[in-house]
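Here the structure comes first, spelled out in structure tokens, and everything after it is commentary.
Protein chains in written order, with this note's numbering: chain D, -1 to 329; chain W, 783 to 924.
Written out as structure tokens, the structure reads:
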């Protein structure tokens, strides 16, 4: 099995490598960090829903769909991205999905432990710290004749549920130390790697794939239905809402616990005065039951009390974005 | 037949990607096997092929997600997609509950059925193949 320790590569290339290697049937561990930030969504996710496309375009942040599962991720040079590729027929690897994630997460967990962070694997395929905060997310899939497991950090916005090495340790350990440890831990599970560099054949394959992966056709492919809420922690559900009001597009993300809004983020390109009151409204919506009437009453009351001026955006518009049925949201 | 706890109806044909097909008049009903659904765990999403799409035996033409894994669904025979099981859009775990009945995935109007069936397994061939897969799973659990 090969080891490609690629250091830092331009954003999309860091993701395209595993897609190319899997198609070519090359079994390998790839360690890479994106040189510049990029946003990536899971295979079944809806680009318009998951990504603030105008923000990315305005700030020159590339975005792409990947062919493995998991959620939307923001990747930058401070993250170590590990990609493991093996042939489906390779008997050294598990067959059962649950075991694939469990066993192949051991090296990442051990690496965190070596740096003083007690981390363990948790269904649905996250690596969490002792107090249950997610420190890495994983996804995987069948690509060509290969299987691929990828790991990285997920979402920076849901801070309450997530953490990072920096947050846990107060500092980021040197990248090369993290990589060295991660490779050593993978070798304990898989066996020795042969360290190699990218050759022209792989580079060419990556370039060919880039056209497909950055095409609007692939990126904006119709996902028939948004999958049911993605659970980022046991008992916690994340839902995404989108609604086009006369005054602009409203996007929401809600963290629900026992059918009650625990946390909510509202964004979009609408106007809302006084501006700061949007954050206040988010706070007010916490602990509201996830029910259309109750959410709408809360927002109407808020509009009245705070004398909100939002041209073309009525309380009902926010309610629609927040409490829409999944099928309404998918079309 | 039962092969070490995994169910495989005798009248179906199977491929090595763990997909099955049943020939019904001029239509081939396809899906994923009991072994595959057990390996996948709870299926949370199925991306069905478009009706009318041409599919080729052994090539991926649909996908499903379990956990955060994207699994491919392969065409068991070549032809055109005639119908898809839209029930799976709302309840993808029908595959877990009944992979050969309510969990069928799509139907194909075959273009080369006689030849394609020769590439599929039944009886002893199937038993041998599934047993080799089961050995891998058993080894993992040790």
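Even glycine gets a Cβ: it sits at the ideal position worked out from N, Cα and C. The structure presented is a predicted model; accordingly, all values stated were derived computationally and were not measured.
Residues are counted here when their Cβ sits less than 7 Å from a Cβ of chain W; for the region 43 to 67 of chain D these are 65, 66, 67, given in chain order.
Across the region 76 to 109 of chain D, CB contacts with chain W closer than 7 Å involve 89, 92, 93, 94, 95, 96, 97, 99, in sequence order along the chain. Of all residues in the region 847 to 866 of chain W, only 847, 848, 849, 850, 851, 852, 853, 854 come within less than 9 Å of chain D when Cβ atoms are compared, listed by chain position. Within the DSSP bridge table, the entry for residue 920/W names no partner. Under the DSSP assignment, residue 318/D falls in the alpha helix (DSSP H) whose first and last residues are 313 to 320. Only 822, 823, 826, 827, 829, 830 from the region 822 to 836 of chain W bring a Cβ to less than 8 Å from some Cβ of chain D. Under DSSP, residue 137/D shares a beta bridge with 148/D. In the three-state DSSP reduction, residue 52/D falls in the helix class (H, G or I). When C-beta distances to chain W are compared with 8 Å, every residue of the region 229 to 258 of chain D stays at or above that value. Within the same chain, Cβ atoms closer than 6 Å to the Cβ of residue 251/D are found at 238, 263, the five residues on either side in sequence being excluded. A Cβ-Cβ separation of about 6 Å places residue 315/D in contact with residue 248/D under the 8 Å criterion. Any Cβ of chain W closer than 7 Å to the Cβ of residue 169/D would place that residue at the interface, and such an atom is absent. A distance of 7 Å or more separates the beta carbons of residue 13/D and residue 823/W.
As DSSP reads the structure, residue 829/W sits in a beta bridge with 845/W. In this structure, DSSP gives residue 269/D a state outside helix and strand, which the three-state scheme calls coil. As computed with DSSP, residue 84/D is found in a beta bridge with 145/D. Interface with chain D (7 Å Cβ-Cβ cutoff): residue 919/W is included. In this structure, the beta-carbon distance from residue 912/W to residue 785/W falls below 7 Å. The beta-carbon of residue 137/D is placed less than 7 Å from the nearest beta-carbon of chain W. In this structure residue 29/D is in contact with residue 181/D, their Cβ atoms being roughly 7 Å apart against a cut-off of 8 Å. Annotated as distal: residue 19/D and residue 193/D, with beta-carbon spacing of 7 Å or more. In terms of Cα proximity to residue 808/W, the closest of 914/W, 894/W, 905/W, 910/W is 894/W. If you look at residue 36/D, you'll find it in the beta strand (DSSP E) that goes 36 to 39. Of the residues 51/D, 179/D, 286/D, the one whose Cα lies closest to the Cα of residue 253/D is 286/D. Close to residue 41/D, with beta-carbon spacing below 8 Å, are these residues of chain W in chain order: 845, 847, 852. Counting only Cβ-Cβ distances below 8 Å, residue 915/W has contacts in chain D at 93, in chain order.
Residue pairing of residue 61/D in beta bridges, as defined by DSSP: 37/D. Under the three-state reduction of DSSP output, residue 309/D falls in the coil class, being neither helix nor strand.
In this structure, residue 137/D places its C-beta atom within 7 Å of the C-beta atom of residue 67/D. Nearest in C-alpha terms to residue 863/W, of all of 838/W, 921/W, 919/W, is 838/W.
Looking at the DSSP output, residue 263/D sits in a beta bridge with 251/D. In the three-state reduction of the DSSP assignment, residue 13/D falls in the helix class, which pools H, G and I. Rounded to whole angstroms, residue 185/D and residue 821/W show a C-alpha spacing of 25 Å.
Residue environment for residue 89/D: exposed (fewer than 16 other C-beta atoms within 10 angstroms of its C-beta). What residue 150/D touches in chain W, judged by beta-carbon distance under 9 Å, is nothing: the nearest beta carbon there is about 12 Å away.
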